[in-house]
Amino acid sequence: MIGPGDRFDYKYVPMWGTLPLWWKFGNVSDLATDSQGRIFALDRGAHPVVVLDPRDGGFITAWGEGLFTGAHGLYIDSKDFVYVVDSGHHQVYKFTPDGKLLREWGTRDGPSATFYAEPFSAPTGVAFGPSGKMYVSDGYGNFKVQVFDQEGNFLTSWGSPGTGPGQFAVVHSIDVGPDERVYICDRENRRVQVFDENGRYLTEWGGMNLPVDVRVKGDVVYVLEEGNDWASSGTMYGPSGVSIFSSDGKLLKRWHEGEHGTVGLFNIHGITVDHEDNIYATQIYDSRSMIPYPTGIFKFARQK
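Numbering-wise, the working numbering puts 157 at position 150 of the sequence shown, and it's gapless, one number per residue.
Structure follows, in structure tokens:
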């Protein structure tokens, strides 16, 4: 539980992580942490899944070459199985930690018809609840959350296009808390919506600069705000940043580009939190931008 003495102070570490000689990050889309504390990065470059040591960012291994066309979301479950969401192939994949493919959901290169609630049309993220249910944010082509049972069989979906409760503009990311509450980044509506496991709308947290990713750790919810992306409307939304909430919606900490020592946060996209409560964020490049900026991983080291 969050106590009165808890502090959420961080030191900014730009361009974190070390790759082998001659390698470089492409567009790092998302991150996840396994039970050993290792950081898995999902990259749209030559080596899609890169595993790094959390102590010093040292390279451990990489896998997934040639498998994905639109690598978007990454998730690691309690048994260390790795899930990759490919919005380009319209699929979700399950792997062993060393990259052996175990299962696929969705029809490869066969998007479902929008508005018919069938998975998937450019999905964006996946998460598991304590019940074992799998929730998929489905995403760019649909306006749905797709729900699967503990055996991976399709159960139901919820959501529709719009701006009201339970409606979405872009269902960009998803995570599930220990109480089975489902947190959705409704990006273009600039809010996080919260639901119970049956899709009943509970509440929302608004006023953000394009929330793109959410991670729940205990009773703390970490939200990444994309900010300085021109987005689909061509509108500037303000600076990128990080917002930290309690699970009941109290804002605990927030900082944006130019604050908290940050420099270079422009088009951030994925977030994870390690065992020491350090925050890692990814950055991808937007070809529409007039500003050259680096892609890769940023770290926010928790100060004790």
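In this text, a Cβ means the ideal position worked out from N, Cα and C, and glycines have one as well.
Taking 9 Å as the cut-off, the beta carbon of residue 60 is found closer than this to the beta carbon of residue 45.
In this structure, residue 201 sits away from residue 219, with a CB-CB distance that is not shorter than 9 Å.
The beta strand (DSSP E) runs of length 3 or more contained entirely in the region 270–295 are, from start to end of the chain, 275–280, 286–290. For residue 198, the three-state secondary structure derived from DSSP is strand. Comparing C-alpha distances from residue 162 to each of 169, 170, 141 shows the shortest one belongs to 141.
Straight-line spacing of the CA atoms in residue 291 and residue 35 works out to 6 Å.
Between residue 93 and residue 69, the gap from beta carbon to beta carbon reaches 9 Å or more. Look at residue 69 here: in three-state DSSP terms it is strand.
The residues 41, 42, 104, in chain order, have a CB closer than 7 Å to that of residue 87 in the same chain once the five nearest residues on each side in sequence are set aside. Residue environment: residue 120 is assigned as exposed (fewer than 16 neighbouring CB atoms within 10 Å of its CB, all protein chains considered). In this structure, the beta-carbon distance from residue 166 to residue 150 falls below 9 Å. Taking a contact to require three or more Cβ pairs closer than 8 Å, the region 252–259 and the region 268–284 do not qualify as touching. Residue 66 and residue 309 have their C-alpha atoms some 22 Å from each other. As summarised for the region 167–213, the continuous beta strand (DSSP E) elements at least 3 residues long and confined to that stretch are 178–183, 189–193, 198–202, 208–212, given in chain order.
If you check the CB distance, residue 222 and residue 279 come in under 9 Å. By the criterion of a C-beta distance shorter than 6 Å, residue 39 is surrounded in its chain by 47, 81, 82, 83, 279, once the five residues flanking it on both sides are discounted. By the neighbour-count criterion, in which a residue is buried when 16 or more other Cβ atoms sit within 10 angstroms of its Cβ, residue 170 is exposed.
Here the alpha carbons of residue 204 and residue 139 stand approximately 11 Å from one another. Under the DSSP assignment, residue 40 falls in the beta strand (DSSP E) whose first and last residues are 35–40. The straight-line gap separating the alpha-carbon atoms of residue 191 and residue 26 is approximately 32 Å. Assignment of residue 218 by DSSP, reduced to helix, strand and coil, places it in the strand class. Distance from the Cα of residue 129 is smallest, within the candidate group 96, 160, 159, 135, for 96.
Taking the Cα positions, residue 157 is about 9 Å away from residue 135.
Taking C-beta separations shorter than 6 Å and ignoring five residues to either side along the sequence, the partners of residue 182 in its chain run 134, 190, 221, 222, 223, following chain order. Rounded to whole angstroms, the Cβ separation of residue 52 and residue 73 is 12 Å, and the two are not in contact under 8 Å. Within 10 angstroms of the beta-carbon of residue 299 lie fewer than 16 other beta-carbons, which makes it exposed.
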